[in-house]
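Worksheet for the structure shown next.
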Amino acid sequence: MLMLVMLMSCLVSSSYGSFEDVEITWGNGRGKILNGGQLLTLSLDSYSGSGFQSKKEYLFGRIDMQLKLVPGNSAGTVTTYYLSSQGATHDEIDFEFLGNVSGQPYTVHTNVFAQGKGNREQQFHLWFDPTTSFHTYTILWNPQRIIFLVDNIPIRVFNNNEAIGVPFPTSQPMRVYSSFWNADDWATQGGRVKTDWTHAPFTASYKNFNANACVHSAGSSSCGSQSTKSISNDQAWQTQDLDANGRKRLRWVQQKFMIYNYCTDTQRFPQGLPLECKRSRFL
């Protein structure tokens, strides 16, 4: 059994700390990998933003990234960090950070797409200033649920409700993506506040990227078929759920810091709220 656990630990990709498993994909030099791969920066000016993606595709995993967002007047800018597959029926799991004017809080926008369908937005403010230091933003994705965490505190859970006809991302491998771009037509106060280019270039910083995940390649997964009994501690994400303390923290975040929940937006869904909204108060 010990040998099996050790073998499975080797099969799960885990890239600790460095950006050796990502590549800058656009921005014409505005994205940079620095400090021997330990730091990545994306910049935005009036001509272009920038972005990167993982070299590997994953089918389930825990993805951790530390970000430090743009300080001061970041109105109009959007920093994204997400998982996505390709095509019209793509799956996607989103963190988006919507900038704001100086002194106002960032908006953390989350969404889940399955089989090309999204419209599952929840938005939050944070209990700290995300521009003064690095904080860890985590997407935990296993066959049972998706958990969004900030500094290991759950802010959202999206459960697998395929049994009642709700699509869930279970079969399409996804890459990690990040982009930094101008969206002043909608990002800040519905587009009423525009980007002030006198503050450009804007820069967002990343470090300690960790993909503890199942690499998908040539139609097969590096995790193989693994029994629950053989899962080691660093692979606990494969069956992870919230314990009593996690549920308490989730309630605290959603009661104190949630600013939008699609599951309470009856005007948006006049024919009735989505099916999953009836299954749990916290989604």
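Take the sequence shown: its letters are residues -17 to -1, 1 to 266, numbered as in mature numbering (1 follows the signal peptide of the UniProt record, and there is no 0).
Don't be surprised by glycine CBs; every beta carbon is placed ideally from N, CA and C.
Considering Cα atoms alone, identify which of the options is closest to residue i.
{"i": "residue 67", "options": "256, 23, 38 and 49", "result": "38"}
{"i": "residue 50", "options": "153, 64 and 94", "result": "64"}
{"i": "residue 98", "options": "28, 156 and 132", "result": "156"}
Roughly how many angstroms lie between the CA atoms of residue i and residue j, to the nearest whole one?
{"i": "residue 249", "j": "residue 108", "result": "22 Å"}
{"i": "residue 243", "j": "residue 198", "result": "34 Å"}
{"i": "residue 201", "j": "residue 5", "result": "19 Å"}
{"i": "residue 40", "j": "residue 158", "result": "5 Å"}
{"i": "residue 221", "j": "residue 175", "result": "42 Å"}
{"i": "residue 261", "j": "residue 10", "result": "43 Å"}
{"i": "residue 225", "j": "residue 134", "result": "15 Å"}
{"i": "residue 141", "j": "residue 96", "result": "11 Å"}
{"i": "residue 25", "j": "residue 161", "result": "9 Å"}
{"i": "residue 245", "j": "residue 103", "result": "6 Å"}
{"i": "residue 168", "j": "residue 206", "result": "42 Å"}
{"i": "residue 145", "j": "residue 152", "result": "10 Å"}
{"i": "residue 188", "j": "residue 110", "result": "20 Å"}
{"i": "residue 53", "j": "residue 115", "result": "9 Å"}
{"i": "residue 255", "j": "residue 127", "result": "25 Å"}
Which of the three DSSP states is assigned to residue i in this structure?
{"i": "residue 258", "result": "helix"}
{"i": "residue 197", "result": "strand"}
{"i": "residue 181", "result": "helix"}
{"i": "residue 71", "result": "coil"}
{"i": "residue 233", "result": "helix"}
{"i": "residue 14", "result": "strand"}
Give me the Cβ distance between residue i and residue j, rounded to the nearest whole Å; I'm assuming they're in contact under 8 Å.
{"i": "residue 87", "j": "residue 241", "result": "Wrong, their Cβ atoms sit about 17 Å apart, outside the cutoff."}
{"i": "residue 18", "j": "residue 182", "result": "That pair is no contact at about 25 Å."}
{"i": "residue 30", "j": "residue 78", "result": "Not a contact, Cβ separation roughly 25 Å."}
{"i": "residue 43", "j": "residue 94", "result": "Not a contact, Cβ separation roughly 19 Å."}
{"i": "residue 223", "j": "residue 123", "result": "6 Å"}
{"i": "residue 14", "j": "residue -1", "result": "That belief does not hold up - the Cβ atoms of residue 14 and residue -1 are roughly 18 Å apart, past 8 Å."}
Considering only their Cβ atoms, is the gap separating residue j from residue i smaller than 8 Å?
{"i": "residue 236", "j": "residue 138", "result": "yes"}
{"i": "residue 47", "j": "residue 143", "result": "no"}
{"i": "residue 82", "j": "residue 219", "result": "no"}
{"i": "residue 164", "j": "residue 12", "result": "no"}
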